[in-house]
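J.: Protein chains in written order, with the numbering used here: chain A, 54 to 348; chain B, 97 to 314. We put the CB at the ideal spot given by N, CA and C, even for glycine. Since the structure is predicted, the reported quantities are computational estimates derived from the model, not experimental observations. Submitted below is the structure of interest, expressed as structure tokens.
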Amino acid sequence: MEMHQIRYFLAVCDTLNFTRASEACNVTQPALTRAIQKLEEELGGLLLRRERSRTHLTEFGQLMKPHLEDVLRNTQAATTTAKSLLKLEDAPLSLGVMCTVGPLRCVGLLAQFRKDHPGIEASLHEGVPMELCRLLIEGKLDLAIMAQPKGLEESYAVEPLYRERFVVAFPPGHRFERMNAVKTVDCGGESYLMRMNCEYGSHWDEYLAANKIDLREVYRSEREDWIQTMVMAGMGICFIPEFSPVVAGLHTRPLIEPDVWREVSLVTMPGRRFSPAVAAFVRAVRQYRWQSSAV
Amino acid sequence: MSLKGELDKIRADSLSDARIEAAYRAVVGQLSRAGTADQTLKVGGSMPPFMLPNAAGRLVVSDELLAKGPLVVTFFRGSWCPYCQRTLEALEEVLPRIHAAGAELVALTPDTGVYLSESETAGHPSPEILSDVDGAVGLQFGVLFRAPDIYRDLLAGFGVDLRERHGNEGWFIPIPASFVVDRTGTVRYAFVNADFTLRADPEEIVQVLEGLKSEGPR
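This is the structure in structure tokens:
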């Protein structure tokens with residue numbers, strides 16, 4: 054498959070008209086038609102049905118469209134974000150991201166920012182909230198995306214971005230699979246894997262004690278991927294923000310009674326003047342459609 | 097035994113099963129008819145930059161690797177593929193020589209998450225394995241294609257569900273091609289074959305890298 058074939062096909066999906074699609078793609082119509090026929094050969098089925106007055110997507114075309122959109126979108130994300138990280142040193146914009154924020158959540162923002170501001174280079178720094186705060190104070194970070202359970206001191210400027218629910222993660226086949234949501238009390242007796250970098254780490258201990266939940270802690274790790282891999286291996290369950298899972302196949306259910314939420318915010322230092330690059334990024338963060346957990 | 101000898105042996109063993117042989121012919125036939133292998137990134141072309149997660153979830157940036165030296169980019173289908181596993185082992189064997197030539201090696205697969213770690217050999221200086229999520233980079237190299245129905249059914253019979261492994265329902269897999277890219281990002285060697293049982297010779301890759309080293313810094 055080639056990128057231009059997918060682009061042409063998606064243009065026809067948008068316009069349902071070969072002439073307009075070829076205009077939109079700036080190619081001749083025979084070239085567009087040939088490319089789509091080639092794509093159909095490669096995918097092993099007809100994507101479009103051409104009738105005299107209208108062009109329709111076949112059932113197969115409808116099936117393939119979202120997948121082709123995904124691959125093309127990710128192609129752009131993989132390339133643009135790579136370019137945006139070209140110069141790690143003396144980048145005009147340095148951004149901190151809390152390590153428990155799922156990486157894929159920021160890629161969309163970075164890709165969009167890169168597209169809108171191709172000239173601005175950004176560096177990413179991953180860390181726990183305390184470290185990010187220190188780097189902010191020292192001026193080594195311009196801004197940070199993070200959460201803090203007890204709220205940050207007044208010396209920081211905090212703008213909420215999205216709210217995220219904590220869920221319980223477990224392997225396929227676990228008894229929780231049959232529940233729509235898991236009550237805290239239902240977790241009693243389970244083996245437990247502790248995410249050490251969770252900014253709510255110390256709170257979980259208090260929370261479990263307050264709710265009289267008896268868990269057997271089997272392992273703790275600073276690495277989100279290890280914890281999730283251990284959960285998949287059937288070694289225990291963990292509590293994790295809804296958008297953080299990176300390991301395929303991991304099952305989750307909302308944790309209820311009581312619910313636990315975190316609020317992820319944009320954190321900057323008040324009074325510090327933003328460079329044009331930082332100001333542009335702050336605007337982009339505010340405009341980005343952050344998705345919150347469903348209530 | 098050479099890698100080629102071992103791959104030939106795997107092929108001879110597995111193609112004696114009529115079902116496997118039919119599925120194999122379907123894949124090779126589809127790719128040959130569509131001329132997929134002729135449309136891939138060529139020697140002299142520019143490698144598209146990429147940023148992809150490794151098995152630990154860390155993002156690896158191609159330009160950072162190129163800043164250090166030449167890069168070998170190899171695509172493989174997943175830990176479910178015996179040819180890919182043997183090829184990765186063979187590449188691992190020559191990894192010290194790749195490093196000695198000042199180069200790095202990354203192996204890209206559409207597998208995600210926990211399936212990525214399955215390809216790593218514990219305790220070895222394994223090649224860096226990256227998750228090419230949704231085949232996005234494979235598409236830019238021109239190596240991505242959709243597995244034909246008969247091949248999907250065969251995999252299902254072995255309990256391999258690419259939807260689960262890839263996190264999407266596209267059934268896209270790469271031609272297991274290998275590329276050597278110099279520090280300027282220009283492709284200097286490419287091995288692409290519609291027949292997935294044929295792979296780049298690791299010895300040949302090392303020789304290309306040693307040749308690049310003798311060219312000196314550019």
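1. Are any of the Cβ atoms in chain B nearer than 8 angstroms to that of ASN127 of chain A?
2. Mind listing the chain B neighbours of HIS120 of chain A? Cutoff is C-beta to C-beta under 7 angstroms, in chain order.
3. Interface residues of chain A around ALA152 of chain B at Cβ under 9 angstroms?
4. Verify whether the separation of the beta carbon atoms of ARG173 of chain B and PRO272 of chain B is less than 8 angstroms.
5. Against chain B, which members of the segment 279 to 302 of chain A pass a CB distance test of less than 9 angstroms?
6. Comparing alpha-carbon positions, which option in A:ILE190, A:GLU93, A:PRO294 lies nearest GLN126 of chain B?
7. Checking 8 angstroms against the spacing of the C-beta atoms, do MET143 of chain B and VAL283 of chain B come in under that value?
8. Hey, quick one: how far does the beta strand (DSSP E) through VAL317 of chain A stretch, first residue to last?
9. Within 8 angstroms of any Cβ in chain A, is that where the Cβ of SER222 of chain B sits?
10. Considering only the beta carbon of each residue, do HIS227 of chain A and GLU265 of chain B sit closer than 8 angstroms?
11. Check whether the segment 214 to 225 of chain A and the segment 288 to 299 of chain A are in contact - that is, three or more C-beta pairs closer than 8 angstroms.
12. What number of angstroms, rounded off, separates the C-alpha of ASP228 of chain B from the C-alpha of ALA77 of chain A?
13. Whether or not the segment 267 to 277 of chain A and the segment 241 to 252 of chain A are in contact is what I'm after, with contact meaning three or more pairs of Cβ atoms, one per stretch, closer than 8 angstroms; do they touch?
14. Check PHE219 of chain A in the structure and name its three-state DSSP category.
15. Could you tell me whether any non-hydrogen atom of the ligand ATP is closer than 7 angstroms to the CB of ALA199 of chain B?
16. Compute the distance between the beta-carbons of MET232 of chain A and MET199 of chain A, then report whether it is under 8 angstroms.
17. Closest to GLU184 of chain A by C-alpha separation, out of A:ALA175, A:GLU174, A:LEU196, would be which residue?
18. Taking all protein chains shown into account, decide if ARG259 of chain B is buried (16 or more other Cβ within 10 angstroms of its Cβ) or exposed.
19. Could you tell me the distance, in whole angstroms, from the CA atom of GLU275 of chain A to the CA atom of PRO83 of chain A?
20. How would you list, in chain order, the residues of chain B whose beta-carbon sits under 7 angstroms from the beta-carbon of ALA131 of chain A?
21. Assign LYS140 of chain A to one of three DSSP states: helix, strand, or coil.
22. Would ILE173 of chain A pass as a contact of ALA234 of chain A if the rule is Cβ separation under 8 angstroms?
23. When the Cα atoms are used, what is the spatial distance from LEU116 of chain A to GLY234 of chain B?
24. Can you list, in chain order, the residues of its chain whose CB lies under 6 angstroms from that of ARG342 of chain A, leaving out five sequence neighbours each side?
25. Going along chain A in order, which residues have a C-beta closer than 7 angstroms to the C-beta of GLY141 of chain B?
26. Would you tell me roughly how many angstroms separate the C-alpha atoms of LEU99 of chain B and ALA199 of chain B, rounded to the nearest one?
27. Taking Cβ positions only, does LEU139 of chain A come closer than 8 angstroms to chain B?
28. In this structure, does DSSP put GLY254 of chain A in helix, strand or coil?
29. Helix, strand or coil for MET97 of chain B? Go by DSSP, reduced to three states.
30. Near GLU230 of chain A, what residues of its chain come up, given a Cβ to Cβ distance below 7 angstroms and the 5 sequence neighbours on each side ignored?
31. Is any beta-carbon of chain B found at less than 8 angstroms from that of GLU95 of chain A?
32. Just checking, does the segment 250 to 257 of chain B make contact with the segment 129 to 146 of chain B on the three C-beta pairs under 8 angstroms criterion?
33. Does DSSP classify THR305 of chain A as helix, strand or coil?
34. Determine, for GLY238 of chain B, whether the minimum Cβ-Cβ distance to residues of chain A falls below 8 angstroms.
35. Along chain A, which residues have their Cβ under 8 angstroms away from the Cβ of TYR285 of chain B?
36. Using the Cβ count rule (16 or more neighbours within 10 Å means buried), how would you classify GLY209 of chain B?
T.: Per the coordinate set shown:
1. yes
2. ASN264, GLU265, GLY266
3. ARG276, ASP278, TRP279
4. yes
5. TRP279, GLN281, THR282, MET285, ALA286, PRO298, VAL299, VAL300, ALA301, GLY302
6. A:GLU93
7. yes
8. Taken as a continuous stretch (DSSP letters only), the beta strand (DSSP E) holding VAL317 of chain A covers 314 to 321.
9. no
10. no
11. Result yes; three or more Cβ-Cβ pairs closer than 8 angstroms.
12. 29 angstroms
13. yes
14. Here PHE219 of chain A sits in strand by DSSP.
15. The ligand ATP is not part of this structure, which contains no ligands at all.
16. no
17. A:LEU196
18. exposed
19. CA-to-CA, the gap between GLU275 of chain A and PRO83 of chain A works out to about 56 angstroms.
20. PHE146, MET147, LEU148, ALA232, VAL233
21. Caution is warranted here: a pLDDT of 38 is assigned to LYS140 of chain A, below 50, making its placement in the model unreliable, and no coordinate value can be reported.
22. no
23. 21 angstroms
24. none
25. What GLY141 of chain B touches in chain A: nothing, since even the nearest Cβ is about 13 angstroms away.
26. 21 angstroms
27. In this predicted model, LEU139 of chain A has a pLDDT of only 42, less than 50, meaning its place in the structure is not dependable; the value taken from the coordinates is given anyway. So, interface residue.
28. In the displayed model, GLY254 of chain A falls within a helix according to three-state DSSP.
29. DSSP places MET97 of chain B in the coil class of the three-state scheme, outside both helix and strand.
30. HIS304
31. yes
32. no
33. strand
34. yes
35. Neighbours of TYR285 of chain B on chain A: none; closest Cβ ~21 angstroms, over 8 angstroms.
36. buried
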